[in-house]
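At position 117 of the sequence shown (counting the first as 1) the number is 209 in this note's numbering, and the numbers step up by one without a gap. Backbone N, C-alpha and C fix where the C-beta goes; we use that ideal spot for every residue, glycine too.
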Amino acid sequence: MTEQNAYIGEMSASIQMADKSSIGEAGTVSQESGQEKPKPGKKRVVRPVDKVHAPSLEQVNIILQRCACDEEYMVVLLGWNLGLRSMEISLLKVFDFDFRRGLVLIRREACKGGYSHGPVPLLSSSFADEAARYIERKGLQENDYVLNYGASRKPYTTRHIRRLAKNAGLRAGFPGFHTHMLRHSVARWLLEHNYNLNFVKRFLRHTNVRMTADLYGDFDVDDMLRIVSVGAKPVLVQPSNYSNL
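Following this line, the structure appears as structure tokens:
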């Protein structure tokens, strides 16, 4: 696990961590959508994702450190670095990775409802290297599922994926942890580190930017101070005759 620990250390050292403060009144959030489940005949209400459902990167790193096998480790890495849903992790194939261009293609058949497919950029070279090493270590071929089992290399089901994530979370002291929390976590991290809202919308493959803003765009004072601390600082030029004004 030396390479894994090196990756975790690099991720942790690059950012000053702090647990997220509450970003709004918590709604009833489903595991897979992160949204309030609509009642029949009523318009769906989208509530902000609270910190319980969007663990900090520090917490994600703790979970990574407690992973007991390659499969648990890859579920957490794929879920956070690519913002994938359980089904998308389950159906991800080796040929979906384009390491040369730094992209992963999420195919239509792997998406919930078949409407949120498209390319996703690799957020870091460290993750790309880790994924490539995993593929080589497992002897996977181009048409293989990244997470598979048995002689026929069948894909792990979404139940398998969720169980792997849950077990890693339990071992790390997060009993309510599930895979969709990784998607929420990376979305909040991107916005807190000054990625454009439209970029986050494309990264998560939301149907519209309003959904992204409603779920993740509500920042409290502590969030705003944290964003300012890591963001670019404006420089205003004084007029040459400033002392005479």
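Handout entry: Burial state of His276, where buried means 16 or more other Cβ atoms lie within 10 Å
Key = With 16 or more other Cβ atoms within 10 Å, it is buried.
Problem - Proximity below 8 angstroms, CB of Lys185 to CB of Asn259 - result: no
Handout entry: Whole-angstrom C-beta distance between Phe191 and Ala224, which should lie under 8 angstroms
Key = 6 angstroms
Handout entry: Coarse secondary structure for Phe219, derived from DSSP in three states
Key = helix
Practice task
Inspect the beta-carbon positions of Leu239 and Glu163 and report whether they are closer than 8 angstroms.
Solution key: Yes; because the gap between Cβ atoms is below 8 angstroms, this pair is in contact.
Exercise for the section: Tell me, to the nearest whole angstrom, how far the beta carbon of Ile154 is from that of Ala264; I am working on the premise that it is less than 8 angstroms. Expected result: 5 angstroms
Problem - With 16 other Cβ atoms within 10 Å as the buried cut-off, status of Glu95 - result: Because the pLDDT of Glu95 is 49, which lies under 50, any placement of that residue in the model is unreliable, and the number read from its coordinates should be weighed accordingly. Result: exposed.
Practice task
Enumerate, from N- to C-terminal direction, the unbroken beta strand (DSSP E) stretches of 3 or more residues contained entirely within the stretch 235-319.
Solution key: none
Exercise for the section: For Pro331, name the three-state secondary structure that DSSP assigns. Expected result: coil
Problem - Collapsed DSSP secondary structure at Lys204 in the structure displayed - result: Of the three classes helix, strand and coil, the one that applies to Lys204 here is helix, per DSSP.
Practice task
Please look up how many angstroms separate the CB atoms of Ile253 and Val167, rounded, as I've assumed it's under 8 angstroms.
Solution key: Their Cβ separation, rounded to whole angstroms, is 6 angstroms, which keeps Ile253 and Val167 in contact under 8 angstroms.
Problem - Three-state class that DSSP yields for Leu232 in the structure shown - result: coil
Handout entry: Of the residues Asp314, Leu307 and Leu215, the one placed nearest Gly171, counting alpha carbons only
Key = Leu215
Handout entry: Identity of the residue in Thr299, Arg280, Asn290 and Gly268 nearest Leu149 by Cα
Key = Arg280
Problem - Residue from Tyr207, His270 and Gly242 with nearest C-alpha to Ala146 - result: His270
Exercise for the section: Could you have a look at Gly210 and say whether DSSP puts it in helix, strand or coil? Expected result: strand
Problem - First and last residue of the uninterrupted alpha helix (DSSP H) at Val168 - result: Asp162 to Asn173
Practice task
Check whether the Cβ atoms of Arg297 and Ile198 sit closer than 8 angstroms, and answer yes or no.
Solution key: yes
Practice task
Measure the C-alpha to C-alpha separation of Ala220 and Leu232 and round it to an integer number of angstroms.
Solution key: 16 angstroms
Exercise for the section: Output yes or no for whether 8 angstroms exceeds the beta carbon distance between Val212 and Leu174. Expected result: yes
Handout entry: Backbone CA spacing between Ala243 and Ser321 [nearest angstrom]
Key = 51 angstroms
Handout entry: CB of Tyr241 within 8 angstroms of CB of Leu183, strictly
Key = The Cβ atoms of Tyr241 and Leu183 lie no closer than 8 angstroms to each other.
Problem - Minimum C-alpha distance to Arg158 - residue among Asp310, Lys293, Leu256 and Leu307 - result: Leu256
Exercise for the section: Specify the secondary structure class of Leu183 as computed by DSSP and reduced to three states. Expected result: coil
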